[in-house]
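Be aware that the sequence shown starts at 29, since it is given in our numbering, and climbs by one per residue. Note that beta-carbon positions come from the ideal geometry of N, C-alpha and C, so glycine has one too. Note that the structure is predicted; figures quoted are calculated from it, not measured. See structure below.
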Amino acid sequence: MYENDGPANRRIGRPTHVLIIGAGLSGLSCALHLKEANIEFTILEGSDAAGGRVRSDIVEGFVLDRGFQVLLDAYPEAQALLDYDKLALKSFIPGAQVRYDRQFHTVADPWRRPGDCLKSLFNPIGTLNDKLLIAKLKDAVSKGSLKTIYEKDEKTTEAYLRQFGFSQKIIERFFRPFFGGVFFDSSLSTSSKMFEFTFRMFALGETCLPSGGMGAIAQQLVQRVGKSKIQLNSRVKEIKDLTVTLTDGTLIQSDSIVIATEGPEAAKLLNMPAPDAMRTVKCYYFSADRSPLKSPVLVLNADKDGPINNLCVPSDINPTYAPQGKSLISASVIGNDKLICEDLQKHVVNQLEGWFGPEAKDWKLLKMYNIKSGLPDNSPPALKQVEKPVRVRDGVYVCGDHRETASINGALASGRRAAEALIEDFEASVSKAVS
Ligand SMILES: Cc1cc2nc3c(=O)[nH]c(=O)nc-3n(C[C@H](O)[C@H](O)[C@H](O)COP(=O)(O)OP(=O)(O)OC[C@H]3O[C@@H](n4cnc5c(N)ncnc54)[C@H](O)[C@@H]3O)c2cc1C
């Protein structure tokens, strides 16, 4: 498999063998597209399982995604690559319950029924004008192709919302906790292109959780790629020309390499300057005897008096997340990186008691995920060019969510683009050799 034949043999058109470094969604997507083109590959994955940031653990019969996450079924790359029926997707009720002034308020469906979204004129989450603007925003971002969004000028999400005319009320009480939670960025300094892309995806489809957890998405791709094509516990330490060295000293040569790791690791392997640190998030999972919510909805914190940014009960959306008779509660914290974990946990539990009463005291903490490599920083100018080049040098390619929007869609799309570039270069080398 690992012939010592380097790039010269690629040039004379012999069957090529590709090493893909990383079995996250971008690496798996790249592998599937290479497989379709009958190009041989092996994935080297540094950890003990495939999936990267989209993995789920089973703890006491509960399914815990590694950090709260959702699949937006309107993602075009996911539609093209995934079998949604097999994932048995279940949807959230669109909109949110917003905790503001010690009460919960409904923001019904800003994506598809913008007129109904602030249920009454007395709803303190936004103004009548905000309702009209949400309808206008939905129209603006749903028109045209994704490229239309990608080619616009970018500013921060906060500047964009203000310029659009939204009130301070709705920015603070809906957009900041909602999109702060999506981008792991309460400052809303994330690019307006990422905001428009995400708003469009929420507007055009459902927000879903698969049966068996988000990890089922990666597992579906693994099945199609073939388990035998993935070498687990094989962390790459160094790349020189077309030879990789694993941390245990093993040398592997190939015809082409695709680096499908997180952005900072890709930069390290390529001896390039490190990108900005990735955004962080913490996720607490609790077991409860019953759900504290009346419907399968996302809860947002617009009261700035506790660390929780957003909360949901995944088992209300998809019952496979909890054993029979139990509910799984997920609470996400953005920022608060200076508090030590024990203190933060106390604040989280206090906040839950404040929201749901003494029953929250009986909830059992199942696990806390402290995710330090959550999302690439998509603040301007990060998305000046949304679809960044995937060719690095002769025979070396790169993919991952740092090459596009920081999302499942971006990861899958970048993997496809890297495979397409590799196939194009390979075909060009074959025809050059023949002529
Ligand atoms: C908590 C959380 C919530 C999220 N929520 C959402 C959401 O709701 N919707 C959405 O669209 N997106 C969400 N995302 C983002 C989405 O999960 C990512 O954009 C996407 O999974 C990135 O895939 P990737 O292949 O680019 O990178 P990764 O998934 O990070 O994969 C990289 C892989 O490379 C491996 N690797 C790294 N270094 C090496 C090495 N030296 N040698 C070998 N292997 C190596 C890693 O172990 C990993 O498996 C969320 C992310 C997190 C963390």
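Beta-ladder partner(s) of residue i, from DSSP
i	result
N398	K310
C236	L99, S119
L339	V327, A359
K392	S315
H133	V126
H45	E68
Sub-7 Å separation of residue i and residue j beta-carbons
i	j	result
V126	A330	yes
F194	L156	no
G154	I198	yes
V341	L372	no
C58	A447	yes
E224	V264	no
E234	S119	yes
F206	L328	yes
V87	K310	no
S217	T184	yes
A78	A102	no
V418	G241	no
L56	L249	yes
V253	L60	yes
L339	A316	no
E182	S220	yes
Y397	G95	yes
Rounded Cβ spacing between residue i and residue j (contact assumed at less than 8 Å)
i	j	result
I280	I49	Not a contact, Cβ separation roughly 10 Å.
G208	I362	6 Å
K166	A231	5 Å
G443	A288	7 Å
A65	L440	Wrong, their Cβ atoms sit about 17 Å apart, outside the cutoff.
A449	N406	A449 to N406, Cβ: 23 Å. No contact.
K257	T44	About 15 Å; that fails the 8 Å criterion.
F212	T308	7 Å
C236	L117	4 Å
S401	E266	No, S401 and E266 are not in contact; Cβ-Cβ is about 20 Å, not under 8 Å.
F314	K392	6 Å
G428	S54	5 Å
Closer than 6 Å: residue i CB and nearest ligand 1 heavy atom
i	result
T226	no
V429	Before going on, a small fix: residue 429 reads as Asp here, not Val. Yes, the beta carbon of D429 sits closer than 6 Å to at least one heavy atom of ligand 1.
I258	no
E266	no
S284	no
S54	yes
S84	no
I287	no
G80	yes
A465	Given a span of 29 to 463 for the chain in the structure shown, any question on residue 465 remains unanswerable.
E234	no
I162	no
E290	yes
Check your understanding: For the region 234–309, which segments carrying the beta strand (DSSP E) assignment without a break, of at least 3 residues, lie completely within its bounds, in sequence order?
Key -> 235–237, 264–268, 271–274, 279–281, 284–287
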